[in-house]
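A.B. asks: In my numbering, the protein residues as written are 1 to 120.
Each residue gets a CB set at the ideal place from its N, CA and C atoms; glycine is no exception.
Here the structure is a predicted model, which is why all the values come from computation and not from measurement.
Here it is, the structure, as structure tokens.
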């Protein structure tokens, strides 16, 4: 992790390429940006890195999905796992600005009813 201007960059090796996830803490919320794909290739590592960045005092997780072009069942599983973690702390996971393909998957699986979806 590298701190840069209030942002913490978590660098990880995903699907034979480097993925740069930006993490910022605002109040009791962990904000995550830079997710291009959430799939079987990186879902477990993503979940573990987000949990690792989730300090004790944080209860909410905001995930910016505006750059996400692909989401599969393993990615959904990682999001659900993070939702359960947030719920145990009295918080929630909000998915911000999902792209049309991601929104379609959320609606087909009815997970748009589980997560709070925030659009611009």
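Going by alpha carbons, who is nearest to residue 83 out of 98, 120, 116 and 20?
C.D. replies: When only C-alpha atoms are compared, the closest one is 116.
A.B. asks: Out of curiosity, what's the CA-to-CA distance linking residue 49 and residue 21?
C.D. replies: Near 9 Å, if we compare the C-alpha coordinates of residue 21 and residue 49.
A.B. asks: May I have a chain-ordered list of the beta strand (DSSP E) segments no shorter than 3 residues that lie completely inside the stretch 30-99?
C.D. replies: The stretch 30-99 contains these whole beta strand (DSSP E) runs: 60-64 and 93-96.
A.B. asks: Are the beta-carbon atoms belonging to residue 96 and residue 65 less than 8 Å from one another?
C.D. replies: Yes, they are a contact pair.
A.B. asks: Can you tell me the Cβ-Cβ gap for residue 74 and residue 55, rounded? I've got them flagged as a contact below 8 Å.
C.D. replies: Wrong, their Cβ atoms sit about 26 Å apart, outside the cutoff.
A.B. asks: Use the C-beta contact count for residue 93: other C-beta atoms within 10 angstroms, 16 or more gives buried, fewer gives exposed.
C.D. replies: The residue is buried, with at least 16 neighbouring Cβ atoms inside 10 Å.
A.B. asks: Can you give the Cα-Cα distance for residue 10 and residue 106, rounded to whole angstroms?
C.D. replies: Confidence at residue 10 is low in this model, with a pLDDT of 48, below 50, so the placement of that residue should be treated as unreliable; the coordinate-derived value is given next. Using only the alpha carbons, I get a separation of about 26 Å.
A.B. asks: Can you tell me whether residue 26 is helix, strand or coil according to DSSP?
C.D. replies: Looking at residue 26 - three-state DSSP - the assignment turns out to be strand.
A.B. asks: In whole angstroms, what is the alpha-carbon distance linking residue 100 and residue 89?
C.D. replies: Looking at the two C-alpha atoms, the distance is approximately 30 Å.
A.B. asks: Can you round the beta-carbon distance between residue 46 and residue 38 to whole angstroms, since I take them to be within the 8 Å contact cut?
C.D. replies: At roughly 6 Å, the Cβ-Cβ gap stays under 8 Å, so residue 46 and residue 38 are in contact.
A.B. asks: Helix, strand or coil for residue 118, going by three-state DSSP, please let me know.
C.D. replies: In this structure, residue 118 counts as strand in the three-state DSSP scheme.
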